[in-house]
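In our numbering, the protein residues as written are 9 to 102.
First up is the structure itself, then whatever we jot down about it.
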């Protein structure tokens with residue numbers, strides 16, 4: 009992962025404000041095996057990856073957007089489950 013110093017020096021040549029994440033970086037951040045990330049990539053899941061030579065990189069902004077979408081999906085699923093559970097527990101009185 010490039011350091012702030014490298015990003016700043018690249019900015020001198022041409023503005024470069026992209027931070028790149030490696031598979032190792034993401035695996036460490038999420039505390040999961042790299043093989044899980046490679047599996048997601050093969051199934052079209054996870055952030056958008058870019059091949060740089062033989063290396064895979066993802067833009068930090070794409071990783072964050074993907075993680076945010078997971079959080080939103082989980083929130084929607086929880087809300088649906090709660091609504092379903094409450095509608096099933098309707099008590100009928102005579």
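By construction, the Cβ of each residue, glycine as well, lies at the ideal position given by its N, Cα and C atoms.
- A direct Cα-to-Cα measurement between residue 49 and residue 26 gives close to 21 Å.
- The DSSP-derived three-state label of residue 70 is helix.
- Between residue 54 and residue 74, the CB-CB gap stays under 8 Å.
- By the neighbour-count criterion, in which 16 or more other beta carbons inside 10 Å mark a residue as buried, residue 51 falls on the exposed side.
- Around the beta carbon of residue 34, 16 or more other beta carbons sit within 10 angstroms, so the residue counts as buried.
- In the three-state reduction of the DSSP assignment, residue 28 falls in the strand class, which pools E and B.
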